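*Asks:* The structure is given below, and queries will be raised subsequently.
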Amino acid sequence: MSIAASSASHIYALTRLTPQTAAERIERPIAIEAPVSIEYNGIAYAVMMASPTDLEDFVTGFSLSEEVIRSPADIVAMEIAEIELGWVAHVTLAPERIEKVMDRARMRVSEGSCGLCGLENLEQVMRPLPMIDARPAATAAALFAALDALADHQPLSRATGAVHAAAFCAPDGAIWAAREDIGRHNALDKLTGALARAGQDTRGGFFLLTARCSYELVEKTILARCPLLVTISAPSSLAIERAKAHGLTLIALARPDAMLVAHDPHRLFS
């Protein structure tokens, strides 16, 4: 099911303060943050705080980034329902994908504060990833063009000022698809899910994110096989190291007047 964009915010009565005038009551749309429970074949897997829009895209992208599925074809059925406390996604997976879910469930049972459990969890964080096998086709001018056009694809951000956006851009900077969410990871999962469901090859474009460049966003980009990631805020050290280890071109602190090239394995921008 598709959730209308208007359901992503509620109108709240607030008080507006300024240095020059008296306080005044105003009404303003506020972005909804709601728990979304994801269940695979009846097994509770995760509860994510998200904006309740494009949830089929979100669940698909999340499942791909968690490597629960290899493609949308591994999802036999998906039912998304609003419940009293939030939303729940009931996902039916192909039989051969159930073991991955069971492995994660067993790991959660074993999690604790001991050192051995911590080592297991660290191995999960530093999981092996594929190498990027595509060369980005974008130019510096295309990156600035996409950044300039991004605001036109952020209706929820314009209304609330409280959500992130993830966009898939053509080599010339045209924005092909965009998704918004209160969580930066969720926005990218929604985008990759939408692209996967549409059968879109990501190797010919680049991702543009309104977020700090964390290692998780780098990993999600690599798993989506996109060769170039651009973010508007700075990267972490681990984000750069993961990009270097897996051949991802990484550009950060994207502003209308300048960007920083953090990793450029094909020497496209340096």
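Residue numbers 44 to 313, in the numbering used here, belong to the letters of the sequence shown in order.
The beta-carbon is built from N, C-alpha and C at its ideal position, and this holds for glycine as well.
Every value quoted in this text rests on a predicted model; they were computed, and no experiment measured them.
Excluding five sequence neighbours on each side, which residues of the same chain lie with their C-beta closer than 8 Å to the C-beta of residue 252?
*Replies:* By one-based count along the sequence shown, residue 252 stands at place 209. Answer for residue 252: 207, 208, 209, 210, 227, 230, 231, 260, 272, 273, 274 and 275, listed in chain order.
*Asks:* Pick out the complete beta strand (DSSP E) segments inside the stretch 161-220, 3 residues or longer, and give them in chain order.
*Replies:* Listed in chain order, they are 207-212.
*Asks:* Looking only at DSSP bridge pairs, what is residue 83 linked to?
*Replies:* By one-based count along the sequence shown, residue 83 stands at place 40. 86 and 134, per the DSSP bridge assignment.
*Asks:* Would you list the one or two residues that DSSP bridges to residue 245?
*Replies:* Counting from one through the sequence shown, the residue named residue 245 turns up at place 202. Residue 245 is not bridged to any residue.
*Asks:* Once the 5 residues before and after residue 294 are set aside, which same chain residues still bring their CB inside 6 Å of it?
*Replies:* For the purposes of this step, residue 294 is taken as residue 251 along the sequence shown, with counting starting at 1. Closer than 6 Å at the Cβ level, and outside the excluded window around residue 294, lie 273, 302 and 304.
*Asks:* Using a Cβ-Cβ cutoff of less than 6 Å, which residues in the same chain neighbour residue 90 once the five nearest sequence positions on both sides are dropped?
*Replies:* Your numbering for residue 90 matches position 47 in the sequence shown. Once the five neighbours on either side are set aside, the close Cβ partners of residue 90 are 78 and 80.
*Asks:* When the Cα of residue 254 is compared with those of 190, 182, 174 and 72, which residue comes out closest?
*Replies:* As a working note, residue 254 is residue 211 in the sequence shown. Among 190, 182, 174 and 72, the Cα nearest to that of residue 254 is on 190.
*Asks:* Tell me whether the stretch 273-292 and the stretch 238-246 touch, counting them as touching only if at least three CB pairs, one residue from each stretch, are closer than 8 Å.
*Replies:* Cβ pair count under 8 Å is below three, so no.
*Asks:* Nearest by alpha-carbon distance to residue 182: which of 234, 199, 200 and 217 is it?
*Replies:* Walking along the sequence shown from the start, residue 182 turns up at place 139. Taking only the C-alpha atoms, the option nearest residue 182 is 217.
*Asks:* Using only CA atoms, which one of 131, 173 and 171 lies nearest to residue 93?
*Replies:* Along the sequence shown, read from residue 1 onward, the residue named residue 93 stands at position 50. Here the closest residue by C-alpha is 131.
*Asks:* Just mark residue 112 as buried or exposed, buried being the case when its beta carbon has 16 or more other beta carbons within 10 Å.
*Replies:* If you number the sequence shown from 1, residue 112 lands on position 69. Buried, by the Cβ-count rule.
*Asks:* Between residue 72 and the rest of its own chain, which residues show a CB-CB distance below 6 Å, the 5 nearest in sequence each way excluded?
*Replies:* By one-based count along the sequence shown, residue 72 stands at place 29. The residues are 52, 54, 202 and 203.
*Asks:* Quick one: give me the first and last residue of the alpha helix (DSSP H) that residue 103 is part of.
*Replies:* Here the question's residue 103 lines up with position 60 in the sequence shown. Per DSSP, residue 103 belongs to the alpha helix (DSSP H) from 98-108.
*Asks:* Residue 292: buried (16+ other C-beta within 10 angstroms of its C-beta) or exposed?
*Replies:* For the purposes of this step, residue 292 is taken as the residue at position 249 of the sequence shown. Buried, because 16 or more other Cβ atoms sit within 10 Å of the Cβ of residue 292.
*Asks:* Please report whether the beta-carbon of residue 99 lies at a distance below 8 Å from any beta-carbon of chain B.
*Replies:* Of the chains in the structure shown, none is chain B; there is only one protein chain.
*Asks:* Just checking my contact of residue 134 with residue 82 at CB under 8 Å: how many whole Å lie between their CB atoms?
*Replies:* For this step, residue 134 is matched to residue 91 along the sequence shown. For this step, residue 82 is matched to residue 39 along the sequence shown. That belief holds up - the Cβ atoms of residue 134 and residue 82 are roughly 6 Å apart, short of 8 Å.
*Asks:* Looking at the unbroken alpha helix (DSSP H) that takes in residue 283, where does it start and where does it end?
*Replies:* Walking along the sequence shown from the start, residue 283 turns up at place 240. First-last of the alpha helix (DSSP H) with residue 283: 280-289.
*Asks:* Any idea if residue 262 is buried or exposed, counting beta-carbon neighbours within 10 angstroms, 16 or more meaning buried?
*Replies:* Translated into positions along the sequence shown, residue 262 becomes position 219. Classification of residue 262: buried, given that the 10 Å Cβ count is 16 or more.
*Asks:* Taking the alpha carbon of residue 193 as the reference point, which residue from 223, 307 and 140 has its own alpha carbon closest?
*Replies:* Counting from one through the sequence shown, the residue named residue 193 turns up at place 150. When only C-alpha atoms are compared, the closest one is 223.
*Asks:* From residue 233 to residue 85, what does the alpha carbon distance come to, in whole angstroms?
*Replies:* In the sequence shown, residue 233 corresponds to position 190, counting from 1. In the sequence shown, residue 85 corresponds to position 42, counting from 1. Taking the straight line joining both Cα atoms gives about 22 Å.
*Asks:* Is it buried or exposed, residue 44, if we count other Cβ atoms within 10 angstroms and call 16 or more buried?
*Replies:* As a position in the sequence shown, residue 44 is number 1, starting the count at 1. Low per-residue confidence applies at residue 44: pLDDT is 30, beneath 50, and the placement is therefore not dependable, though the value from the model is reported in the following sentence. It counts as exposed.
*Asks:* Less than 7 Å between C-beta atoms, sequence neighbours within five positions excluded: which residues of the same chain meet that for residue 317?
*Replies:* Nothing about residue 317 can be read from this structure; the chain reaches only from 44 to 313.
*Asks:* Roughly how many angstroms separate the alpha carbons of residue 98 and residue 88, rounded to a whole number?
*Replies:* For the purposes of this step, residue 98 is identified with residue 55 of the sequence shown, where counting begins at 1. For the purposes of this step, residue 88 is identified with residue 45 of the sequence shown, where counting begins at 1. About 16 Å.
*Asks:* Mapping DSSP to helix, strand and coil, what is residue 72?
*Replies:* Residue mapping note: residue 72 aligns to position 29 of the sequence shown, counting from 1. Strand, per DSSP.
*Asks:* Residue 118: which of 109, 288 and 103 sits nearest, CA to CA?
*Replies:* Within the sequence shown, residue 118 is the residue found at index 75, counting from 1. Residue 118 has its Cα closest to that of 103, out of 109, 288 and 103.
*Asks:* Consult DSSP for residue 57 and reduce its assignment to one of helix, strand or coil.
*Replies:* Taking the sequence shown and counting its residues from 1, the one referred to as residue 57 is at position 14. DSSP places residue 57 in strand when its eight states are reduced to three.
*Asks:* List the endpoints of the continuous alpha helix (DSSP H) containing residue 235.
*Replies:* On the sequence shown, residue 235 is found 192 positions in, with the first residue counted as 1. Where residue 235 is concerned, the enclosing alpha helix (DSSP H) stretches over 227-240.
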